[in-house]
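**Student:** Quick note, the sequences are listed as chains H and A, same order.
Heads up, the first sequence is in the numbering used here, so the first residue is 1 and it goes up one at a time.
Heads up, the second sequence is in the numbering used here, so the first residue is 1 and it goes up one at a time.
Beta carbons: idealized from backbone N, C-alpha and C, even for Gly.
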Amino acid sequence: MRQRKFQMIEFFLKIVTIAALIVGLWVIPALAETMYVKSAKTKMTAEPSARSKSLGYLSAGQAVKVIAKEGRFIKVSVGGKKGYIFKFKLTSKAPSGGGGGGGLDLLSGNQKMAAAESSSGSSIRGLSPISENYARGHGISAADISAVKKMESLSFSSSQIDAFQEQGGIGPYAK
Amino acid sequence: MKKLLIALMALGITLGLVTASWSINFGDILNETLKPPPQKKAAPAPKPKAKAAPAAKPKGGGGLIGILEGTGAIDKKTSGILRGATAVVQSMQPIGWEEERAIGGSLALEVFKNFGGQYKNDKLQRYIALVGLTVAGVSDRADIPYHFAILNSSAPNAFATPGGYIFVSSGLLKLVRNEAELAGILGHEIAHVAKRHALKTIERSKTLSGFSQLTTSILDSDPGVLNNIVKEMSTTLFTKGLDQNLEFEADKFGMDYAYRVGYNAGGLRDFMKVLGKTQKSRSVLLSTHPTPRARYGKLNAQAKRYRSASLAPVLSQRYLAETKGNL
Numbered sequence: 001m002r003q004r005k006f007q008m009i010e011f012f013l014k015i016v017t018i019a020a021l022i023v024g025l026w027v028i029p030a031l032a033e034t035m036y037v038k039s040a041k042t043k044m045t046a047e048p049s050a051r052s053k054s055l056g057y058l059s060a061g062q063a064v065k066v067i068a069k070e071g072r073f074i075k076v077s078v079g080g081k082k083g084y085i086f087k088f089k090l091t092s093k094a095p096s097g098g099g100g101g102g103g104l105d106l107l108s109g110n111q112k113m114a115a116a117e118s119s120s121g122s123s124i125r126g127l128s129p130i131s132e133n134y135a136r137g138h139g140i141s142a143a144d145i146s147a148v149k150k151m152e153s154l155s156f157s158s159s160q161i162d163a164f165q166e167q168g169g170i171g172p173y174a175k
Numbered sequence: 001m002k003k004l005l006i007a008l009m010a011l012g013i014t015l016g017l018v019t020a021s022w023s024i025n026f027g028d029i030l031n032e033t034l035k036p037p038p039q040k041k042a043a044p045a046p047k048p049k050a051k052a053a054p055a056a057k058p059k060g061g062g063g064l065i066g067i068l069e070g071t072g073a074i075d076k077k078t079s080g081i082l083r084g085a086t087a088v089v090q091s092m093q094p095i096g097w098e099e100e101r102a103i104g105g106s107l108a109l110e111v112f113k114n115f116g117g118q119y120k121n122d123k124l125q126r127y128i129a130l131v132g133l134t135v136a137g138v139s140d141r142a143d144i145p146y147h148f149a150i151l152n153s154s155a156p157n158a159f160a161t162p163g164g165y166i167f168v169s170s171g172l173l174k175l176v177r178n179e180a181e182l183a184g185i186l187g188h189e190i191a192h193v194a195k196r197h198a199l200k201t202i203e204r205s206k207t208l209s210g211f212s213q214l215t216t217s218i219l220d221s222d223p224g225v226l227n228n229i230v231k232e233m234s235t236t237l238f239t240k241g242l243d244q245n246l247e248f249e250a251d252k253f254g255m256d257y258a259y260r261v262g263y264n265a266g267g268l269r270d271f272m273k274v275l276g277k278t279q280k281s282r283s284v285l286l287s288t289h290p291t292p293r294a295r296y297g298k299l300n301a302q303a304k305r306y307r308s309a310s311l312a313p314v315l316s317q318r319y320l321a322e323t324k325g326n327l
């Protein structure tokens, strides 16, 4: 009687194990979560600190594999390298053009880019020709056209933005 | 007995793995699955100079609905409802990036024209841009360029136009007391751009009814289309105001963006008290937005949800140092 009871329990456990195994195998590949870099020139560091050694910069839309979450940083793997990225520079939403990208861009800290470029992957361009035409047809003064062009052309280096954030203890430097 | 132990161990290991997988966000997976096809980012190749690609408008008696109505299978009221639903399905495609930039740039010109022109102070403009870029960099739409300028106007105002053009008036900067407040204000404006509030409003408006898609070639070849869009958006942004729920949404994300950067999340909320004391007639910010009191209430409730947020810096000394002698 006791032997039969054991056999039944054993059979039940086998069924449950097989079912759990099937569910597990289906879900396990998703454990390696993928995230995407939000904007251009996103710094990856060796440690979960913005002051640690820079490993390079990532392009907007670059896919990274999440290894672990540590405070305001996420440990990631990209292009065979492991490092840390400020967590609000990553998103779980894939870019509309598809993820991927070229891995780490090893840039010098002082490389110039537009103010816009410093936080985006978009190219630097002046006022749209359509907006220029609009200005001509609507009595917009040369001073106002120049003002829009000026705001579009304001430029910073990545190190200037980094220094501004470090001085204020904000962004990746926030405690 | 031995077999039983092996089975138990296998079950334990498997359950452990399944439990670990609970961290997966099934909501995100579902969202990705249900996501519409990717929008176009760049403008398409120039098309022949022609009017807009008009949406196929349902016409009386046409298509399956017409057949059903003709055979008496459905009555007029039902066919009307079905046609309405069809129109929604056939509504305009979201405005693309190049078109957004052209519209936003034209609106930016109108902002300078109507609100005092440029406040000329390079040092101050660079400071505002640095704060703004820091906030925009953690926003939900960090992959587009953002541009920042100061308006030469004593009235406290702030504007955002599509394409990432953000404006604050010198009058508003005089009321701001610290960088956390400024970050919250800029965050609110960045949220309008990130969430495409003005674009969504115009996409649903009568101005663009009949268009299935807006392209740069249409804007280029028919200036009347751009004129109408800019005119309607100017009325919305500078006179009527956006839907009040969109303003509350911009507050919500504006506060969150400032928090993500590491500022004291209460900056935008605290500025509402200051704004509430100013004269309404002088500010579009007051005449087109929900009352500072209503905004304060919602922001205050939100601020309580951030852990240790009140301990984060407001950077009043840096704000004062950067603005002193420049306003």
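Could you give the distance in angstroms between the alpha-carbon of A198 of chain A and the alpha-carbon of S170 of chain A?
**Tutor:** 24 Å
**Student:** Can you have a look at G137 of chain H and say buried or exposed, based on whether 16 or more other CB atoms are within 10 angstroms of its CB?
**Tutor:** Here G137 of chain H is exposed, its C-beta having fewer than 16 other C-beta atoms within 10 Å.
**Student:** Go to S287 of chain A, then tell me how far its alpha helix (DSSP H) extends in each direction, as first and last residue.
**Tutor:** 284-287
**Student:** Counting contacts by CB-CB distance shorter than 8 Å, is Y57 of chain H in contact with chain A?
**Tutor:** no
**Student:** Report yes if the C-beta distance between A60 of chain H and S39 of chain H is below 8 Å; otherwise report no.
**Tutor:** yes
**Student:** Using the Cα positions of G164 of chain A and F148 of chain A, report the straight-line distance between them to the nearest angstrom.
**Tutor:** 8 Å
**Student:** Could one say the Cβ of H147 of chain A lies closer than 8 Å to chain H's Cβ atoms, at least one of them?
**Tutor:** yes
**Student:** At 3 residues or longer, what runs of the beta strand (DSSP E) sit wholly inside the region 190-252 of chain A?
**Tutor:** 211-213
**Student:** Tell me, which residues are paired with L331 of chain A by DSSP?
**Tutor:** The shown model of chain A, from 1 to 327, leaves out residue 331 of chain A, and the question about it has no answer.
**Student:** Please decide whether E296 of chain A counts as near chain H, where near means a Cβ-Cβ distance under 8 Å.
**Tutor:** Correcting the residue identity first, residue 296 of chain A is Tyr in this sequence and not Glu. For Y296 of chain A, the answer is no, since every Cβ of chain H falls outside 8 Å of its Cβ.
**Student:** Classify N264 of chain A as buried or exposed, calling it buried when 16 or more other Cβ atoms lie within 10 Å of its own Cβ.
**Tutor:** buried
**Student:** Which residues in the same chain as R318 of chain A place their Cβ atom closer than 7 Å to its Cβ, once the five residues preceding and following it in sequence are excluded?
**Tutor:** E179.
**Student:** Could you check if N245 of chain A is buried or exposed, using at least 16 other CB atoms within 10 Å of its CB as the buried criterion?
**Tutor:** exposed
**Student:** Report, in whole angstroms, the separation of the C-beta atoms of V230 of chain A and Y84 of chain H, which I expect to be a contact under 8 Å.
**Tutor:** Rounded, the Cβ-Cβ distance is 45 Å, inconsistent with contact.
**Student:** Please name the residue, chosen from H:G139, H:M35, H:A143, that lies closest to I74 of chain H on a Cα-to-Cα basis.
**Tutor:** H:M35
**Student:** Going by the beta-carbon positions, is the gap between V135 of chain A and V261 of chain A smaller than 8 Å?
**Tutor:** yes
**Student:** Would E152 of chain H count as contacting chain A if we go by Cβ distances under 8 Å?
**Tutor:** Using a Cβ-Cβ cut-off of 8 Å, E152 of chain H counts as an interface residue toward chain A, since at least one Cβ of chain A sits closer than that to its own.
**Student:** Once DSSP output is grouped into helix, strand and coil, what is the label at K38 of chain H?
**Tutor:** coil
**Student:** Near V193 of chain A, what residues of its chain come up, given a Cβ to Cβ distance below 6 Å and the 5 sequence neighbours on each side ignored?
**Tutor:** Cβ neighbours of V193 of chain A within its own chain (closer than 6 Å, five residues either side excluded): A160, G164.
**Student:** Taking the alpha helix (DSSP H) that I145 of chain H falls in, what are its first and last residues?
**Tutor:** Note, I145 of chain H: alpha helix (DSSP H), 142-153.
**Student:** So what's T45 of chain H in DSSP terms, helix, strand or just coil?
**Tutor:** strand
**Student:** If you check the beta carbons only, do V138 of chain A and F88 of chain H fall under 8 Å apart?
**Tutor:** Inclusion of V138 of chain A and F88 of chain H in the CB contact set at 8 Å is warranted, their separation being smaller than that value.
**Student:** If the cut-off is 8 Å on Cβ atoms, which residues from the region 238-261 of chain A count as contacting chain H, listed in chain order?
**Tutor:** R260, V261
**Student:** Excluding sequence positions up to five away, which residues of its chain have a Cβ less than 7 Å from the Cβ of K174 of chain A?
**Tutor:** L327
**Student:** For the beta strand (DSSP E) containing G83 of chain H, list its first residue and its last residue.
**Tutor:** DSSP places G83 of chain H inside the beta strand (DSSP E), whose first and last residues are 81-86.
**Student:** How would you list, in chain order, the residues of chain H whose beta-carbon sits under 7 Å from the beta-carbon of F112 of chain A?
**Tutor:** Residues of chain H passing the Cβ test: D144, A147, V148.
**Student:** Would you decide whether E247 of chain A is buried or exposed? Buried here means 16 or more other CB atoms lie within 10 Å of its CB.
**Tutor:** buried
**Student:** Closer than 7 Å by beta-carbon distance: list the chain A residues that pair up with S128 of chain H, in chain order.
**Tutor:** R101, A102, G105
**Student:** Across which residues does DSSP place I74 of chain H in a beta bridge pair?
**Tutor:** H:K69, H:I85
**Student:** Note down, in chain order, every chain H residue with its Cβ under 9 Å from the Cβ of G117 of chain A.
**Tutor:** S141, A143, D144, A147
**Student:** A158 of chain A lies in the alpha helix (DSSP H); which residues open and close that run?
**Tutor:** It is not in any alpha helix (DSSP H) - A158 of chain A instead sits in the beta strand (DSSP E) that spans 158-161.
**Student:** With DSSP as the reference, identify every bridge partner of G56 of chain H, one or two as the case may be.
**Tutor:** H:M44
**Student:** Between which two residues does the alpha helix (DSSP H) holding Q167 of chain H run?
**Tutor:** 158-168
**Student:** For F11 of chain H and R4 of chain H, what's the separation of their Cα atoms in angstroms?
**Tutor:** 11 Å
**Student:** Taking Q160 of chain H and Y173 of chain H to be in contact with their CB atoms under 8 Å, please state how far apart those CB atoms are, rounded to whole angstroms.
**Tutor:** About 14 Å; that fails the 8 Å criterion.
**Student:** Helix, strand or coil for A42 of chain A per DSSP?
**Tutor:** Any reading at A42 of chain A must be qualified, since the residue scores a pLDDT of 40, below 50, and its modelled position is unreliable; no value is offered.
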